[in-house]
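Each protein sequence line maps, in turn, to chains A and B.
Just so you know, we're using full-length UniProt numbering here: the first sequence kicks off at 1 and counts up by one.
Just so you know, we're using full-length UniProt numbering here: the second sequence kicks off at 1 and counts up by one.
First comes the structure, then the notes that go with it.
Protein chains: 2
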Amino acid sequence: MAFLKPEAIDLSHHLSGTFPTARHLSPLKGLQKYWGRPGIISLAGGLPSPAYFPYSDISANILVPNSFPVERKQEESSFSWLWKLLGADKEKTTPVTVPKYPVRPEDINLATALQYGMSAGLPQLQKIVKEFSDKVYSPAYENYTCLLHAGNTDAWNKVVITLCNPGEGVLVSKWTYPSAMATMQPFNIKPVPVEIDGQGMRSDALRTLLTEWDEAARGMPRPRVIYAVPIGENPTGTTTRVARKKEIYQLCVEFGDLQVEDDPYFVLQEGEYVPKSMRGRQTQASGTGIDDEAKFIASLEPSYLKFDYQGRVIRLDTFSKTIAPGSRLGWYTCNPMFAERLERAAETSTQAPCGFGQSLVTATLQEWGYEGYIRWLKGLRLQYTLRRDYFVDALAEEFQLTVAPGTAGMWEGCQVYTGSAKPKRSVTGYFNEKAPISSPLFSFVPPTSGMFVWLKIHFDQHPSIATTAKDLEMKLWIELAEAGVLFGPGSMFSPTQDWSSERSGHFRISFSNLENDEMTKSVQIFGKVIREFMGNL
Amino acid sequence: MAFLKPEAIDLSHHLSGTFPTARHLSPLKGLQKYWGRPGIISLAGGLPSPAYFPYSDISANILVPNSFPVERKQEESSFSWLWKLLGADKEKTTPVTVPKYPVRPEDINLATALQYGMSAGLPQLQKIVKEFSDKVYSPAYENYTCLLHAGNTDAWNKVVITLCNPGEGVLVSKWTYPSAMATMQPFNIKPVPVEIDGQGMRSDALRTLLTEWDEAARGMPRPRVIYAVPIGENPTGTTTRVARKKEIYQLCVEFGDLQVEDDPYFVLQEGEYVPKSMRGRQTQASGTGIDDEAKFIASLEPSYLKFDYQGRVIRLDTFSKTIAPGSRLGWYTCNPMFAERLERAAETSTQAPCGFGQSLVTATLQEWGYEGYIRWLKGLRLQYTLRRDYFVDALAEEFQLTVAPGTAGMWEGCQVYTGSAKPKRSVTGYFNEKAPISSPLFSFVPPTSGMFVWLKIHFDQHPSIATTAKDLEMKLWIELAEAGVLFGPGSMFSPTQDWSSERSGHFRISFSNLENDEMTKSVQIFGKVIREFMGNL
């Protein structure tokens, strides 16, 4: 593994000029060495005495790492999470406590965690995330830095300010996460959409875009930053595999670009969907039966960091999907120069992530240990696999689903599932139905990662496609809502809001949070409403 | 109390144009009404199931509200906090617990607090801070809004983006909080310093500046935003009193400006310093003996909100000084139009404040109740009063302190304490010393609020004042650091870094965090070093 010398590949021109990152606050140049010197008496800071923090200790009862199964078994059915939710299956927990004052100097404690603190985060937690990045992502160079942050949304905000100047563009997938776009908007940073396929951003489309970039015609310089959610992309659910990642990274090297990897669904790699009728009772969800950490990691699509020999990747990790969104906690992994600037950006805004959250998450991860945390993640992965399967199974119950390789568009070459109304008299099987198949209502590719199914609605089959696809999508969305079901309207996920060539509508459907009976009910309502809407009763 | 109609005083032109605040994310226009409709099944969000949050409950042992005395008594000496710190005086605590699922719908719970949440914060905590703003600040209009945020530093960041355009200026005190300036810098918002006196920003200087503003000569439009820390200002310790606040507010009305009130030290209003020899043993620290909430509030300098009949004030409150800095939690109080924009700004960055912190702080404040919290704040106020007194007493021990009304400069008319070397043979008394007083080394006005003493160093007495005051300040700072004491270098607190007319240096000294013996020791080291430095052994 190479030690990255920033001067070897000079990335300093990537730091924004119009938005210079804030100067280092406390220690004036030349005075730093005195700060924190042992034995020195400091009257320099504005710190309250920890005696006035009204907490003697905080504690939590935390679930044990093997709370969720890693093998799909009869008795560990997809209902197990529901049982736990209802308390029918008593949770097994361990207590953890964070005292105000440490017993040993290295202990996490509230006197430190609830004090004004380093923007980089508690050292104990930094150590844990560094170990995780090291073992799980294996960056291609040695001196990468891990820095805690207050969640990926805020982290992306800081990255935008640190790397982009007003009027510049950021390369994004054609359908992408709207919050990330809204973050750029106040700084006048514009999304530049790139065509996608079943693996997310297309490298050939990206090469063409970068090669043929016409600054005058576009009204902005060639974008230097790529934003992507490479695993289980929001909203399309696509996952960028190794070969594609290498191609895109090579384009970064060629064109001097940076890759921002916003990867909240990394561990939720559920594997291929297998139709219910073809799933054996004892079949393990792909990879989830592996009980060894290294094998588990090897079963996951790798991070861009693994190929990042030039320090061009800023990876954003979050605890939102693995611990809880309300932790507002995550970490950057990137080169030390960018990390230093991101730390400065935090000093003048969020400062450190919340100390209550940092200390309870640290206590949890210390109690579990690395192996325990990996075990927890493996359990989570199977839970989302079971949910993904339950939702797609429910579609297969409600509709006539056919499977065929996509022949055009973003799903070319993928196994595309197309749903149409079931024949009225027959109720046997879904795939080899003898009756003629009625007009397709929607299509999708079951995601191999993440929380979302991206449903394409075939409005080209609709009597009034003369009106725009966006209007039809909105109309159908309202009818669904009136009937009691909310989907994510596809139009939210267009970075440019250009509908001129669209003949389809889309819905983003999240299978992450509903109880199974609600999922069934929502699919039944969807069936009734879409059949009526498409004139296909 | 008037109901503020935004159209009556149109403040909409104050919202920045170049930095438009982000559009509302989730509900597209016209679809909002369906979000959160009872009984609707939502597959629209990307929420993990709370079953996967690895916390069954979190809890804390919290100090009781009367943990610190409100009366200065012999047995409740300034050492009481030290005793508590060392555990000699056993803390009295109460347990609070936040369960994963609520028993009653209105209970705080982790399923909500640790989920993706409203940027405005937990409703239960919003209710508490609204009650506090209502009772303690009594805003002059009715429909003001309270909105939680992730600490005043981040809140100011969002205010800057929401109100200012690149290239504009913000009016600030001549010496001011450097972090607030560093927050503006990346957005190319420039500080415009206003002369100060013993009450902070001068209204006459502000009027002159606004009246005579020359856009062409200044290279920027007349500033529309005033930033101030009106109580115990950082670093000067000054407090703006009612009449001055009314004058400045009137200027806001006349010139169409906004007042951002960053007020972390509001409850730390310690009152006038009384020299030790003149303090009776039973003398109460000013106001701290009052045991009734309304009287306590009446004893405090009011917020700008109290005069804000036009909705021109954005007040920033923080729990950093009253609960703990690591809570990264506070709230805005402002007009509903600005509040809506600030909420949007949070949605694309910090989202909601950390759920662990929100829920534990809420549980604490619910357990204490409003009366309990006020009692806690009264106890805190006396603690800081005792610390302020201890530090000034220590200066009086180490130096010959004389008191006289200031005749010029920022302390004109204030009771200014001037320190010089003690006569070598005499050790009796400090104020009526018979021996001739040696050259003044430093001056200060004991603060009536906050955590800081702003020490002016008389470099005009120094043999090499030919070099700049800033260089001497740095040199003395390094000598102090080498001797084992860190002060805040005054130069950090200059928003413009213009030293041309300075003949003095400054140090900001925080008395908030040291144990008494450390305070004594640091003052003794300071005495030795400054006497040597000024050639006055």
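For glycine and all other residues, C-beta sits at the position ideal for the given N, C-alpha and C.
query                                                                                                            : result
Identity of the residue in A:S504, A:P48, A:A120, A:P186 nearest F444 (chain A) by Cα                            : A:S504
Any chain B beta carbon closer than 8 Å to T318 (chain A)                                                        : no
Below-8 Å beta-carbon distance, K321 (chain B) vs any chain A residue                                            : yes
C-beta atoms of F452 (chain B) and G151 (chain B) nearer than 8 Å                                                : no
Sheet register partners of H13 (chain B) (DSSP bridge)                                                           : In the DSSP output, where bridge partners are listed per residue, H13 (chain B) has none listed.
CB of E482 (chain A) within 8 Å of CB of T94 (chain A), strictly                                                 : no
According to DSSP, residues forming a beta bridge with L258 (chain A)                                            : A:V225
S326 (chain A) (DSSP reduced to helix, strand or coil)                                                           : Position check: residue 326 (chain A) holds Gly in this sequence, whereas Ser was assumed. Three-state DSSP puts G326 (chain A) in a helix.
Spatial distance of A363 (chain A) from H14 (chain A) (CA atoms)                                                 : 37 Å
Chain A contact for E131 (chain B) (CB, 8 Å cutoff)                                                              : no
CA-to-CA distance, K158 (chain A) to S173 (chain A), given in whole angstroms                                    : 20 Å
Chain B within 8 Å of V267 (chain A), Cβ atoms only                                                              : no
Host alpha helix (DSSP H) of R279 (chain A) (start-end)                                                          : Element bounds for R279 (chain A): n/a, residue is neither H nor E.
Test: G357 (chain B) CB closer than 8 Å to a CB of chain A                                                       : yes
Local Cβ density within 10 Å of G39 (chain A), reported as buried at 16 or more and exposed below that           : exposed
M451 (chain A): contacting residues in chain B (beta-carbon distance under 7 Å)                                  : G46
Chain A contact residues for Q115 (chain B), given Cβ-Cβ distances below 8 Å                                     : A324, P325, G326
Among A:G490, A:P440, A:S494, A:L476, nearest to F526 (chain A) - alpha-carbon criterion                         : A:L476
CB of N188 (chain A) within 8 Å of CB of P166 (chain A), strictly                                                : yes
Residues bridged to R97 (chain A) (per DSSP)                                                                     : Looking at the sequence itself, residue 97 (chain A) is Thr, so the reference to Arg does not match. According to DSSP, which records beta bridges pairwise, T97 (chain A) is partnered with A:S59.
Spatially closest choice to L63 (chain B) from A:I58, A:H149, A:P65, by CA coordinates                           : A:I58
Beta-carbon spacing of S327 (chain A), R315 (chain A) below 8 Å                                                  : no
Cβ distance (whole Å) where S522 (chain A) is taken to contact L43 (chain B) below 8 Å                           : 6 Å
Best match in A:E515, A:R241, A:L305, A:D498 for proximity to K135 (chain A) [C-alpha to C-alpha]                : A:L305
Cβ contact check for the segment 98-108 of chain B and the segment 335-351 of chain B: 3 or more pairs under 8 Å : no
Members of the segment 331-358 of chain B near chain A, C-beta cut-off 9 Å                                       : R344, A345, E347, T348, S349, T350, Q351, A352, P353, C354, G355, F356, G357, Q358
8 Å contact criterion, which K422 (chain B) and F399 (chain B) should meet: CB distance rounded                  : 6 Å
Buried or exposed by the 16-neighbour rule on C-beta atoms within 10 Å, applied to R37 (chain A)                 : exposed
Among B:S138, B:L148, B:K100, nearest to M118 (chain B) - alpha-carbon criterion                                 : B:L148
Minimum Cβ-Cβ distance from D257 (chain A) to chain B less than 8 Å                                              : no
Span of the alpha helix (DSSP H), counted from its first residue to its last, around P178 (chain B)              : 178-184
Contact check, H458 (chain A) vs L472 (chain A), beta carbons under 8 Å                                          : no
Counted within 10 angstroms of its Cβ, other Cβ atoms place Q250 (chain A) as buried (16 or more) or exposed     : exposed
Contacts that Y52 (chain B) makes with chain A (C-beta to C-beta distance below 7 Å)                             : L380, Q383
Any C-beta of chain B under 8 Å from that of N165 (chain A)                                                      : no
Residue from B:T407, B:A408, B:A394, B:A113 whose Cα sits closest to the Cα of G419 (chain B)                    : B:A394
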